[in-house]
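Each residue of the sequence shown is one higher than the one before, starting from 0 at the first, in numbering that gives the first Met the number 0.
From the three backbone atoms N, C-alpha and C, an ideal C-beta is built for every residue, glycine too.
Just so it is clear, the structure is predicted and the values come from calculations on it, not from any experiment.
For reference, the structure is listed below as structure tokens.
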Amino acid sequence: MLDKVASNIKGVMSKLAGAIFIDKRLIDDICKKLKRALLEADVDIKLINHLLDKIKKKAKEKVKGISKKELLVNLIHNELVRILGKEGYALEFVKGETNYVMMLGLYGSGKTTTISKLAFYYSKRGFKVAALGLDVHRPAAPEQLEQLCQKAKISCFIDKNEKDPLKIWNKFKDELKKFDIVFIDTAGRDAINASLVKEIKILYRNITPQHMILVMAADIGKTAKKQAQEFKKAGRVSGVFVTRMDGTAKGGGVLVSCTEVEAPVLFLGTGEKLQDIETFSPTAFVSRLLGMGDLETLLEKAKTAIEDKDKKKIEKSLEQGKFSLMDMYDQIKAMQKMGPLGKITELIPGLGGMKLPEGLLDVQESKMKRWKFAIDSMTKKEKENPEILTSSRIARISKGSNVPTNEIREMLKQHKLIKGFVGKAKDFDLEKLQKGMASGRGMSELPVDKKTLRKLAKKFKGKLPGM
Ligand SMILES: Nc1nc2c(ncn2[C@@H]2O[C@H](COP(=O)(O)OP(=O)(O)O)[C@@H](O)[C@H]2O)c(=O)[nH]1
Ligand SMILES: [Mg+2]
């Protein structure tokens, strides 16, 4: 169902959830892709633009890091739910009397098939169900209904020779009183016209059904809006059954259109078989469309990857101007725990959303083990201030830990690089830096002194050691 659209939207959402930091470029990219996906789903451009405006506005709000992502993910979720309609619509049936449900729709929209699905659905839920064939226009319509009902084991009332639907109704109406629900098949047309509306009006007045359900195929897209408006002229429509959701990307257009004209979508048809029916809930639908379960896990994982205890510890040592080899080790370990999320540096204390050079924290696990051996061979003082390590001490540590000296030096170099970064990151406003760079104003407005920035920029330009 809307498979391609769903996977495109999911892609956009995980990009948002997994982004290192939220900047204008990311938001623009996300909006562009979201727009493309929704256009493909045949959602009205006005609605799309409205949604994108809201996202852009929200993105400008001053909320940092992970909470901003949550905010945006929730915003997109809620807005999509809103354009897909209100929650809680369902067909209600009166107990102790016969409930008539009249199906409306153009030729080929799926009325007859849908009757068998609904009849099957409600018979499985304990209702005594029957079908009545009042489609007198299509020659083979009664037979089709009969066959489908046989498959679903549903009582079926048809008259293959009668051409007046009211006469058929009058013929069977007493017999139908022993059922809880009677689904009534009606005739369609190629396009909605006055004769169709008139025919339905007459049936509506005579039968006074508890419900009328409009059946529309998903591939008609946003033209559903007009169709629903026209059909509503024939009588009170309880809701819409959207068929063929399995075969098109345009289903979004139908769903949104129905909300716009206040014709709630009740069910989706997702195939030709009896069982291919789903109840429609905007929230559940959007959650599935966005891969909400995955997104929540992603956000949750990002939050819990670093335990508060460790976070506080590292933050404290950073505050005191310290960043020991063990701190670095712990950080890299924490990032490895996050897997591909390791790139979310804003979660790492001290890095606060700094854009680190690609791969700075990607250290192979086997190498991490050797680093740990080397660190374990150091004195406490050396671990805290590795700058004091002399060549002869490095050689000793290499012997003691069985880690080659070049790997120890590489680790020390990496530590120095990250420490330089971390030390400056605490009061570093990334957005300001990017704005400054983009506007060509340079870095004069930054809380970091120019010399340090130049040094950092130089350091990170080339390929970093150990990657
Ligand atoms: N793939 C798919 N086909 C459907 C679905 N619902 C109906 N159809 C097919 O659409 C065609 C027209 O259905 P039918 O019930 O005869 O439409 P009617 O003219 O409105 O009564 C048939 O071939 C059905 O099998 C659906 O949810 N998915
Ligand atoms: Mg039919």
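In the three-state scheme derived from DSSP, where H, G and I count as helix and E and B as strand, Y99 is classed as strand.
In the DSSP assignment, F372 falls within the unbroken alpha helix (DSSP H) covering E364 to D375. For D158, the shortest separation between its Cβ and any heavy atom of ligand 2 does not lie below 7 angstroms.
Taking every protein chain shown into account, the CB of V93 has fewer than 16 other CB atoms within 10 angstroms, so this residue is exposed. At least one heavy atom of ligand 2 lies closer than 7 angstroms to the C-beta of Q143. Relative to ligand 2, the beta carbon of K67 is positioned no closer than 7 angstroms to any heavy atom. Spatial neighbours of K232 in its own chain (CB-CB distance under 7 angstroms, excluding positions within 5 residues in sequence) are listed in chain order as V196.
Taking 7 angstroms as the cut-off, one finds no heavy atom of ligand 1 near enough to the beta carbon of R235.
Under the three-state reduction of DSSP output, S286 falls in the helix class. Beta-bridge analysis with DSSP links D184 to G132.
Going by C-alpha positions, D41 is about 56 angstroms away from L411.
The closest heavy atom of ligand 2 lies 7 angstroms or more from the beta carbon of K162. For K231, the shortest C-beta to heavy atom distance toward ligand 1 is 7 angstroms or greater. In chain order, I167 place their CB closer than 6 angstroms to the CB of E161, counting only its own chain and leaving out the 5 sequence neighbours on each side. Bounds of the alpha helix (DSSP H) holding G10 are D2 to G17. When Cβ pairs closer than 8 angstroms are counted between the two stretches, the region 140-150 is seen not to touch the region 169-180, the count staying below three. Comparing C-alpha distances from K45 to each of I82, K61 and S6 shows the shortest one belongs to I82. Note that the region 287-296 does not touch the region 257-268; fewer than 3 beta-carbon pairs, one per stretch, sit closer than 8 angstroms.
Checking the 7 angstroms criterion, the Cβ of A151 is out of range of every heavy atom belonging to ligand 2. V80 has its alpha-carbon roughly 18 angstroms from the corresponding atom of K224. With a cutoff of 7 angstroms, K110 counts as near ligand 1, since its C-beta is closer than that to a heavy atom of the ligand.
DSSP, read as helix, strand or coil, puts F171 in helix.
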